[in-house]
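Q: Numbering (our numbering), first residue to last: 1 to 183.
My questions all concern the structure below.
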């Protein structure tokens, strides 16, 4: 098994590509307690300085809170390889992420539909490329609320991505949008 690695815009996060499907949808794990839902996440959180794990469709991002990637990367690669060779499931039964609740006024349903379509087709593929995910959470008084996960959560450039890239895109196509904020 050959696992590729890629840098992400977040220097504290590295993207691992195992060359196979990882999970349908996405799963974010931000603590050792949450890691109990995944045998692989438990192994990764057992590595010193691992502070976050994010599973995407065909990638795994790992976030560190200290240490150097030169020391952490071989341990992470070993844990991922060992997991896939064991044939164990990624998630324990019934442990898939429940969707986060959305909020918006029913009168804005058409606007929200357009916003979601733009996020799905134009924003999410680019964000996934960087090892993260972004999802619609709500719309109120012209403000779009988005949840950033994986490499995007805590990334130094995430504010610029939201403020300039996504906000400008949405404002261009949806005049009702005045601002974009992270949740």
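The beta carbon of each residue, even a glycine, is placed where N, CA and C say it ideally should be.
Per DSSP, residue 111 is paired with what?
A: Translated into the one-based positions of the chain shown, residue 111 becomes position 111. None; residue 111 has no bridge partner.
Q: Which residue or residues does DSSP assign as beta-bridge partners of residue 4?
A: For this step, residue 4 is matched to residue 4 along the chain shown. Answer by DSSP bridge pairing, in chain order: 17.
Q: Less than 8 angstroms between the CB atoms is what I'm expecting for residue 90 and residue 169, so what's the real figure, rounded?
A: Here residue 90 refers to the residue found at position 90 of the chain shown. Here residue 169 refers to the residue found at position 169 of the chain shown. Actually they do not touch by this definition, with Cβ atoms about 32 angstroms apart.
Q: What do you reckon, are the CB atoms on residue 176 and residue 111 nearer than 8 angstroms?
A: For the purposes of this step, residue 176 is taken as the residue at position 176 of the chain shown. For the purposes of this step, residue 111 is taken as the residue at position 111 of the chain shown. Cβ atoms of residue 176 and residue 111: closer than 8 angstroms.
Q: Given residue 66, which residues of its chain have a CB within under 7 angstroms of its CB, disregarding the five upstream and five downstream residues?
A: As a position in the chain shown, residue 66 is number 66, starting the count at 1. Closer than 7 angstroms at the Cβ level, and outside the excluded window around residue 66, lie 49.
Q: Answer yes or no: do residue 73 and residue 104 have a C-beta to C-beta separation smaller than 8 angstroms?
A: Residue mapping note: residue 73 aligns to position 73 of the chain shown, counting from 1. Residue mapping note: residue 104 aligns to position 104 of the chain shown, counting from 1. The answer is no: Cβ separation not under 8 angstroms.
Q: Whose C-alpha, out of 130, 36, 122, 47, is nearest the C-alpha of residue 16?
A: Walking along the chain shown from the start, residue 16 turns up at place 16. Ranking the options by Cα distance to residue 16, first place goes to 130.
Q: Return the chain-ordered ranges of every beta strand (DSSP E) run that is complete within the segment 21–93 and spans a minimum of 3 residues.
A: The qualifying runs are 27–29, 50–55, 60–64.
Q: Please state if the CB of residue 61 and the CB of residue 151 are separated by a distance shorter than 8 angstroms.
A: For this step, residue 151 is matched to residue 151 along the chain shown. For this step, residue 61 is matched to residue 61 along the chain shown. Cβ distance < 8 angstroms, so residue 151 and residue 61 count as in contact.
Q: Counting C-beta neighbours from all protein chains within 10 Å, is the total for residue 172 16 or more, i.e. buried, or is it exposed?
A: Here residue 172 refers to the residue found at position 172 when the chain shown is read from its first residue. Exposed, by the Cβ-count rule.
Q: Rounded to whole angstroms, what is the Cα-Cα separation between residue 64 and residue 11?
A: For the purposes of this step, residue 64 is taken as the residue at position 64 of the chain shown. For the purposes of this step, residue 11 is taken as the residue at position 11 of the chain shown. For residue 64 and residue 11, the distance between alpha carbons rounds to 9 angstroms.
Q: Give me the DSSP bridge partner(s) of residue 133.
A: Residue numbering aside, residue 133 sits at position 133 when the chain shown is read from its first letter. Note: residue 133 sits in a beta bridge opposite 149.
Q: Between which two residues does the alpha helix (DSSP H) holding residue 171 run?
A: The sequence position of residue 171 within the chain shown is 171, counting from 1. Its alpha helix (DSSP H) spans residues 167–173.
Q: Could you give the distance in angstroms between the alpha-carbon of residue 6 and the alpha-carbon of residue 42?
A: As a working note, residue 6 is residue 6 in the chain shown. As a working note, residue 42 is residue 42 in the chain shown. Take the alpha-carbon of residue 6 and the one of residue 42: they are about 22 angstroms apart.
Q: Thinking C-beta only, is residue 143 closer than 8 angstroms to residue 178?
A: Sequence index remark: in the chain shown, residue 178 carries index 178 (1-based). Sequence index remark: in the chain shown, residue 143 carries index 143 (1-based). The answer is yes: Cβ separation under 8 angstroms.
Q: Please classify residue 83 as buried or exposed, where buried requires at least 16 neighbouring CB atoms within 10 angstroms.
A: Taking the chain shown and counting its residues from 1, one reaches residue 83 at position 83. Result: buried.
Q: Can you give the Cα-Cα distance for residue 81 and residue 163, rounded to whole angstroms?
A: For the purposes of this step, residue 81 is taken as the residue at position 81 of the chain shown. For the purposes of this step, residue 163 is taken as the residue at position 163 of the chain shown. Approximately 38 angstroms, taken between the alpha carbons.
Q: Would residue 132 and residue 153 qualify as a contact pair, given that the criterion is a beta-carbon distance under 8 angstroms?
A: To locate residue 132, count along the chain shown from 1; it is residue 132. To locate residue 153, count along the chain shown from 1; it is residue 153. Taking a C-beta distance under 8 angstroms as the contact criterion, residue 132 and residue 153 qualify as a contact pair.
Q: So, at 8 angstroms on beta carbons, what are the nonlocal neighbours of residue 69 in its own chain, with the 5 sequence-adjacent residues on each side left out?
A: Your numbering for residue 69 matches position 69 in the chain shown. Excluding residues within five positions, the ones whose Cβ falls inside 8 angstroms are 14.
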